[in-house]
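Structure record follows, encoded as structure tokens.
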Amino acid sequence: MPSSHLSLSPPLLLLFLVTPLTVTSKTFPGDTEALNAVKQGVDPGSIPPGSCLSTWDFAAADPCDAAYGPCFTCGLRCDARDAAGFLRVTELALDPAGYSGSLSPSVWSLPFLESLDFADNRLAGALPPPPTAGLPPRLRRLSLSHNAFSGEIPGFSDAPALEELFLDNNLLSGPIPPGLATLPALRRLELQMNNLTGGIPDLGPLQNLTFLDASDNALSGEFPSGKLPASVVEISLRSNRLEGEILGAAVAALPALQVMDLSHNGLWGAVPGAAFEHPSLEQLTLSYNQLESITRPGDGGLGSQLIALDLGHNRLGGFLPAFLGLMPRLSALSLEENRFTGMIPVQYAVRVVGAGGAVPFARLILSGNYLLGPVPSPMVGLKEGSAMGLDAMALAFGFGCEWMMTVVDGDGMVGGGCTAE
């Protein structure tokens, strides 16, 4: 009598056993392989219990189908499906757990990836160059800040959707790649606190760029006149090796500019009048350079939008520019450690006490100059504990180096003398 049981040959039985696992896997296999490579690139000894990577157990769970379980509790998101119905990785965001190791080039093989954030860890080595096809086409945010990556910045030129690039606080060296200028969507570029050298490349084609920070590097050359897009709102190039003059035309060519910090460089010449006539510039920091003069703007500063101006620690000389006291929005003015002479302009005094309806000076620093003469009468009556009491005046108007400042209540005289060593 024939048996009623179905007889399976060994190959068919093997297919029967394997097929259900393939069908039930919701994550695209290539994405799973890339995630596994990311974890393999991290030193196992640097993965602490309870961290994101400690829950990445590929033998126990499907990465994109592990919701509410003990595996893959954090570090990734899978918010897209491909045409075959597989879940695809759209975000990688490791916690700042102190992971060490290297960045696997497999991260570039995640075509649906929109955000990659491995910041605040101890990852080191060279940044892996993207493949010939470029970075993932949907990648909008790439943050590798506060790690220990070294070597040159690879060519990130093929990334049509990239809006934010954070490579700051690493050990990167070499030039800023000119290819960055081919990132059409780039809005924010942070390269500060590295060892970058060379000049500022032409970033003019980046018509969406609003924020650029390349401070605390070893960049050289002149202030990048004509190399920045008109869209820039904030620039910080402090603590580099820039030289030369700040051209008024270069400042005027950035109509959206609100904040500019070029301090701690080797810039010389004049502070351009265009900085005081700029339609949107609110904060200008040019301290610790070799600037020698200040160009008076054509409108006398009455149209200036500046709120904070720091020109301290330069080589500025002559009388204190009275027009600075007429700029209607200015509330913080630092001119310390220069070579100014003469008396304190009455325009400054009026702003210190907030008279005349103008915004009062919340901060006025004039120490380290060669100022003499009477304290302007609006300041004489100031009491200690007021907006700028006598103690604060002595500090703000005092002479630098070995000079001791005195403020005499009786006749309102400002004087000084060398202290004994």
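Start counting at 1 in the sequence shown, then tack on 5, and there's your number in the numbering used here.
All residues carry an ideal CB built from backbone N, CA and C; glycine is no exception.
Check, Outcome
"Please specify which runs of the beta strand (DSSP E), each continuous and at least 3 residues long, are wholly inside the stretch 66–143, giving them in chain order.", "96–98, 120–122, 127–131"
"Terminal residues of the continuous alpha helix (DSSP H) containing residue 282?", "279–282"
"Whose CA, out of 210, 248, 176, lies closest to the CA of residue 183?", "210"
"Quick one, are the C-beta atoms of residue 278 and residue 249 less than 9 Å apart?", "no"
"Just the Cα atoms here: how many angstroms apart are residue 35 and residue 228?", "46 Å"
"May I ask you to report which of helix, strand or coil DSSP gives residue 210?", "coil"
"What does a CB cutoff of less than 6 Å around residue 327 pick up in its chain, not counting 5 residues either side in sequence?", "350, 352"
"Measure from the alpha carbon of residue 246 to the alpha carbon of each residue in 344, 369, 72, 221, then state which is nearest.", "221"
"Just how far apart, CA to CA, sit residue 290 and residue 264?", "8 Å"
"Within 10 angstroms of the Cβ of residue 89, are there 16 or more other Cβ atoms? Answer buried if so, exposed if not.", "exposed"
"Using a Cβ-Cβ cut-off of 8 Å (strictly less than) and excluding sequence neighbours within five positions of residue 343, which residues of its own chain qualify?", "316, 317, 318, 319, 320, 321, 322, 373, 374"
"With DSSP collapsed to three states, give me the class of residue 348.", "coil"
"Roughly how many angstroms lie between the CA atoms of residue 53 and residue 79, to the nearest whole one?", "14 Å"
"Can you give, in chain order, each stretch of the beta strand (DSSP E) that sits fully within the stretch 165–241 and has at least 3 residues?", "169–171, 176–179, 193–195, 200–203, 216–218, 223–227, 239–241"
"In three-state terms, what does DSSP make of residue 272?", "strand"
"Among 226, 370, 355, 348, whose alpha-carbon lies nearest the alpha-carbon of residue 338?", "370"
"For the beta strand (DSSP E) containing residue 160, name the first residue and the last one.", "Premise fails: residue 160 is in no beta strand (DSSP E) and is neither H nor E."
"Could you check where the beta strand (DSSP E) with residue 290 kicks off and where it finishes?", "288–290"
"Is it the case that the Cβ atoms of residue 187 and residue 91 are separated by a distance below 9 Å?", "no"
"Give a yes or no on whether the C-beta atoms belonging to residue 364 and residue 383 are separated by under 9 Å.", "no"
"Can you tell me the Cα-Cα spacing of residue 114 and residue 143, whole angstroms?", "12 Å"
"Using DSSP with H/G/I as helix, E/B as strand and the rest coil, what is residue 397?", "For residue 397, the predicted model reports a pLDDT of 42, less than 50, meaning its position is unreliable; a value from the coordinates is still stated below. Of the three classes helix, strand and coil, the one that applies to residue 397 here is helix, per DSSP."
"With residue 266 as the anchor, note down where its alpha helix (DSSP H) starts and where it stops.", "Careful: residue 266 lies outside any alpha helix (DSSP H), inside the beta strand (DSSP E) at 264–266."
"Which residues in the same chain as residue 99 place their Cβ atom closer than 6 Å to its Cβ, once the five residues preceding and following it in sequence are excluded?", "57, 80, 123"
"How many angstroms separate the CA atom of residue 223 from the CA atom of residue 331?", "37 Å"
"One question on the structure: do residue 207 and residue 240 come within less than 9 Å of each other, judged by their Cβ atoms?", "no"
"For residue 244, write down the residues that DSSP places opposite it in a beta bridge.", "Partner(s): none; residue 244 has no beta bridge."
"Which two residues bound the contiguous alpha helix (DSSP H) that contains residue 304?", "Run containing residue 304: none; DSSP gives neither H nor E here."
"So is residue 102 buried or exposed if we call it buried at 16+ other beta carbons inside 10 Å?", "buried"
"Going by DSSP, what residue range makes up the beta strand (DSSP E) through residue 38?", "Segment 34–45 is the alpha helix (DSSP H) holding residue 38; no beta strand (DSSP E) there."
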